[in-house]
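Written out below as C-alpha cells is the structure these notes cover.
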Amino acid sequence: MESFEDILNQYEPMIHKIIHTLKIYQNKDDYFQIGVISLWEAWKQFNPEKGKFLNFAYTSVKGRILNELTKNNSREERTQFAKDEYWALIEDQNTLDPLEFDTILGLCQPLTDKQKRWVFYTVFNGMSITDIAKQEGVSPSAVKLWRKGATEKLRQILSN
C-alpha cells in the first residue's frame, strides 16, 4: 500500500478542483485542509474490494467539504455582525456631549418646567418614573405624560 504522502501528492489537484468547482473563494486554505483530512480518512477506511479508490476519495472529500460549507452558511445566517461603516455612522450622529449640563439645559429651553424636571431627574439622578413621582408628589402616570411630551419635543429639536 502506498504512503499517505504519495496519495496526497497524487490527489492534491483533485482537492483543488473540488474547491474550484464548488466556487469557494473565501477561506480556501481551511477547505483545502478539510479536504486533506477527509482524504486521509478515506485512505484509512478504503476497502479495495468495494471499488476504485479514486471514486471513494472524490466522494469523501467533496461530501466533507459540502458538509462544512453547509455548517458555515447556517452559522453565518444565524449570526449578524455590524460592519465598521455602521459604527462610524453611529459615532458621527451624536455630536453633542449628552451629559454636559449646558448642552442639556440648552436643549430643554422649549420644554415645560415639569418636562425639564423629568429630564434632569432621569439624566442626572438616574431616577425611575416611580421615584420621580414620589419626589414630586404626583402619580406615575403624570410623570409618564411629562416624559412623553419631553421626548416628542426633544425628537423634533434633534431632527432639525
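Following full-length UniProt numbering, the numbering of the sequence shown begins with 1 at its first residue and continues without gaps. Glycine is no exception: its CB is placed at the ideal position from the N, C-alpha and C atoms.
At the 8 Å Cβ level, is residue i part of the contact set with chain B, yes or no?
{"i": "T151", "result": "Among the chains of the structure shown, chain B does not appear; only one protein chain is present."}
For residue i, which residues in the same chain have their Cβ closer than 8 Å to its Cβ, ignoring the five residues on either side in sequence?
{"i": "Q135", "result": "Y121, M127"}
{"i": "R117", "result": "I132, E136, W146"}
{"i": "K153", "result": "P110, L111, Q115"}
Are there 16 or more other CB atoms within 10 angstroms of the CB of residue i, so buried, or fewer, so exposed?
{"i": "L39", "result": "buried"}
{"i": "K62", "result": "buried"}
{"i": "Y25", "result": "exposed"}
{"i": "A82", "result": "exposed"}
{"i": "I37", "result": "exposed"}
{"i": "S60", "result": "buried"}
Please list, in chain order, all residues of the same chain as residue i whose beta carbon is under 6 Å from its beta carbon, the five residues on each side excluded.
{"i": "T130", "result": "P140"}
{"i": "C108", "result": "K116, V119"}
{"i": "A150", "result": "L111, Q115, W118, V119"}
{"i": "residue 163", "result": "Lying outside 1 to 160, the shown extent of the chain, residue 163 is not represented and no answer is given."}
Measure the C-alpha to C-alpha separation of residue i and residue j and round it to an integer number of angstroms.
{"i": "R64", "j": "G35", "result": "7 Å"}
{"i": "Q93", "j": "S159", "result": "Note that Q93 scores a pLDDT of 49, beneath 50, so its modelled location is shaky; the value from the coordinates is reported in the next line. Each residue's Cα considered, the two are about 11 Å apart."}
{"i": "E2", "j": "L66", "result": "27 Å"}
{"i": "residue 190", "j": "F101", "result": "As shown, the chain starts at 1 and ends at 160. That puts residue 190 outside it, with no answer to give."}
{"i": "V138", "j": "V119", "result": "16 Å"}
{"i": "D30", "j": "E85", "result": "28 Å"}
{"i": "L69", "j": "I104", "result": "52 Å"}
{"i": "N9", "j": "L54", "result": "13 Å"}
{"i": "G51", "j": "Q80", "result": "45 Å"}
{"i": "V123", "j": "E77", "result": "38 Å"}
{"i": "N27", "j": "Q33", "result": "10 Å"}
Determine the extent of the alpha helix (DSSP H) in which residue i is found, giving its start and end residues.
{"i": "P13", "result": "4 to 21"}
{"i": "N125", "result": "113 to 125"}
{"i": "V143", "result": "140 to 159"}
{"i": "Q135", "result": "129 to 136"}
For residue i, which residues of its own chain have a beta-carbon under 7 Å away from its beta-carbon, when the five flanking residues on both sides are left out?
{"i": "K17", "result": "none"}
{"i": "W43", "result": "F4, I7"}
{"i": "N72", "result": "none"}
{"i": "Y11", "result": "L39, A57"}
{"i": "L96", "result": "Residue placement at L96 is poorly supported in this model, since its pLDDT is 48, which falls under 50; the coordinates still yield a value, given next. For L96, where only same-chain residues beyond five positions count, the Cβ hits under 7 Å are T103."}
Segments assigned alpha helix (DSSP H), at least 4 residues, entirely inside the stretch 24 to 88: 28 to 45, 53 to 78
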